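So the sequence shown is numbered by our numbering: it starts at 69 and just counts up by one.
Take a look at the structure below.
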Amino acid sequence: MGVLTNRLSDGCFVPEEPQLSRAPEIDPAAPLLFIINAASGRHDSDATRQQIETALHTSGRTGELLFTHPDQLAQVAQQAARAACARHGIVVAVGGDGTINSVAQAAHVQGCVMAVLPQGTFNYFARTHGIPADAAQAAQVLLRCEPVPVQVGLINERVFLVNASLGLYPELLQDREAYKTRFGRSRVVAFAAALVTLLGQHRQLRLRIERGTNVRDLTTPTLFIGNNRLQLEQVGLAQASALDQGCLAAVMLRPIGALAMSWLLLRGSFGTLGEADTVESFQFHRMLVKPRLAWGGGRVKVAFDGEVNWMRAPLEFRVSPKPLYLIKPITEDGATGRAGGGA
69 MGVLTNRLSD GCFVPEEPQL SRAPEIDPAA PLLFIINAAS GRHDSDATRQ QIETALHTSG
129 RTGELLFTHP DQLAQVAQQA ARAACARHGI VVAVGGDGTI NSVAQAAHVQ GCVMAVLPQG
189 TFNYFARTHG IPADAAQAAQ VLLRCEPVPV QVGLINERVF LVNASLGLYP ELLQDREAYK
249 TRFGRSRVVA FAAALVTLLG QHRQLRLRIE RGTNVRDLTT PTLFIGNNRL QLEQVGLAQA
309 SALDQGCLAA VMLRPIGALA MSWLLLRGSF GTLGEADTVE SFQFHRMLVK PRLAWGGGRV
369 KVAFDGEVNW MRAPLEFRVS PKPLYLIKPI TEDGATGRAG GGA
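Now the structure itself:
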């Protein structure tokens with residue numbers, strides 16, 4: 069397979085590194101490795117176990133159920149991905165977008181096939197790829213469908229499937245988790261938490277953004293990088309189509325007050341965020357972001373797929389040259405997806 073270096077008309081580039089030409093081979097006799105985040109979603113562990121065991125028994129397949137707590141999730145995912153790769157098997161993420169991210173990181177590095185049984189609040193990744201929210205139905209997808217290449221975003225080589233961000237959005241996520249712990253997991257609680265966060269005081273980011281020869285200095289309360297068509301379409305951003313061209317979508321806000329910020333939240337809930345004149349969006353394949361940090365500071369708070377962490381600046385956002393191979397339904401027209409099809 070040749071190396072592609074063509075420039076797209078919108079300024080994005082086809083990856084210069086060759087991608088895998090075919091999905092990893094799967095051995096039907098290999099046990100499925102289920103990585104289950106016991107703290108994810110509204111489903112208890114016993115119900116999850118029963119649903120998985122029923123699906124395995126009905127299909128005549130074998131599997132291993134690996135229950136883990138969030139602080140051990142990454143380690144368990146890495147071990148399971150190595151085992152799945154050696155056996156030509158499948159590693160299965162059972163949980164929300166954060167759990168899926170940890171398993172995807174391991175599966176992407178090892179090059180093994182991955183599947184999803186979603187149990188989160190929003191489940192953007194699973195919904196985008198047509199994976200049912202019902203565990204029994206999702207298990208049938210896992211057992212009957214084939215691996216498809218899915219686009220992966222990278223932030224300093226860390227995988228993200230749905231989004232990555234810095235500034236206000238990571239703060240919003242932290243407040244949302246605190247509200248969920250107190251009031252329960254629901255979209256109403258998530259919206260209320262976001263509203264409270266936006267009405268508070270915010271620090272503006274001062275960033276230098278480099279895209280090829282294009283260098284720009286700006287001030288913004290948040291920088292949001294999207295890699296999920298459903299999430300971008302729901303808030304009304306036209307850049308959702310960028311994912312079809314092997315790109316990521318960037319969204320920035322002009323410096324505005326708390327009330328104006330809350331109004332943007334409402335516009336997003338009605339799917340008209342892209343029409344606001346205080347919102348700027350563009351697409352890219354690779355972008356370097358250099359935050360202006362306090363003296364002596366070299367790390368910045370970032371969020372990816374619902375998880376918040378600290379990363380060393382500068383931050384490089386790019387489309388991975390290697391796709392993630394995901395078990396998902398085939399579309400009605402027979403398409404099997406593509407690496408640039410959007411996570």
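Beta carbons: idealized from backbone N, C-alpha and C, even for Gly.
Only a predicted model underlies this, so the values are computations on that prediction, with no experimental measurement involved.
Buried versus exposed, by CB contacts within 10 Å (16 or more), residue i
i, result
"R110", "Low confidence applies to R110: its pLDDT is 49, below 50, so where it sits in the model is not reliable, and the reading given next is rough at best. Classification of R110: exposed, given that the 10 Å Cβ count is below 16."
"N169", "buried"
"T189", "buried"
"G408", "Note on G408: pLDDT 38, under 50, position unreliable in the model; the coordinate value appears next. It is buried - the Cβ of G408 has at least 16 other Cβ atoms within 10 Å."
"G366", "exposed"
"P238", "buried"
"D312", "exposed"
"Q219", "buried"
"A115", "exposed"
"I398", "exposed"
"P323", "exposed"
"P96", "exposed"
"Y247", "The predicted position of Y247 is uncertain, since its pLDDT is 47 and thus under 50; a value taken from the coordinates is nonetheless stated next. The residue is buried, with at least 16 neighbouring Cβ atoms inside 10 Å."
7 Å Cβ cutoff met for residue i and residue j
i, j, result
"L236", "S127", "no"
"L185", "A148", "no"
"K358", "P382", "yes"
"N295", "G221", "yes"
"L240", "T288", "no"
"S113", "A123", "no"
"L298", "Y393", "no"
"R276", "M355", "no"
"I223", "F352", "no"
"A194", "Q119", "no"
"A98", "R155", "yes"
"L291", "S349", "no"
"I293", "A310", "no"
Nearest-angstrom Cβ-Cβ length linking residue i and residue j, presumed shorter than 8 Å
i, j, result
"L234", "V387", "That pair is no contact at about 18 Å."
"I94", "I158", "6 Å"
"G161", "V177", "It should be noted that the sequence gives Ala, not Gly, for residue 161. Their Cβ separation, rounded to whole angstroms, is 14 Å, which puts A161 and V177 out of contact at 8 Å."
"G164", "G374", "7 Å"
Straight-line Cα distance separating residue j from residue i
i, j, result
"P92", "K396", "15 Å"
"G166", "A232", "12 Å"
"T346", "L316", "20 Å"
"R360", "R274", "6 Å"
"Q307", "V376", "24 Å"
"W378", "A152", "30 Å"
"P217", "Q187", "22 Å"
"P138", "Q272", "31 Å"
"A174", "A344", "38 Å"
"R90", "V181", "12 Å"
"C213", "E121", "18 Å"
"R380", "V303", "30 Å"
"P215", "V144", "22 Å"
"A206", "H125", "15 Å"
"A142", "R117", "21 Å"
"L300", "F372", "15 Å"
"P389", "T136", "30 Å"
"A183", "Q146", "15 Å"
"D202", "Q208", "10 Å"
"V368", "Q140", "24 Å"
Short CB-CB distance (under 7 Å) between residue i and chain D
i, result
"P397", "No chain D appears in the structure shown, which is made up of a single protein chain."
Q.
Does the structure place the segment 187-201 close enough to the segment 130-146 that three or more beta carbon pairs sit under 8 Å?
A. Put simply, the segment 130-146 does not touch the segment 187-201. Fewer than three CB pairs are less than 8 Å apart.
Q. Touching or not, the segment 216-231 and the segment 273-287, by the rule of three or more beta carbon pairs under 8 Å?
A. Contact between the segment 216-231 and the segment 273-287 is absent, because fewer than three Cβ pairs lie under 8 Å.
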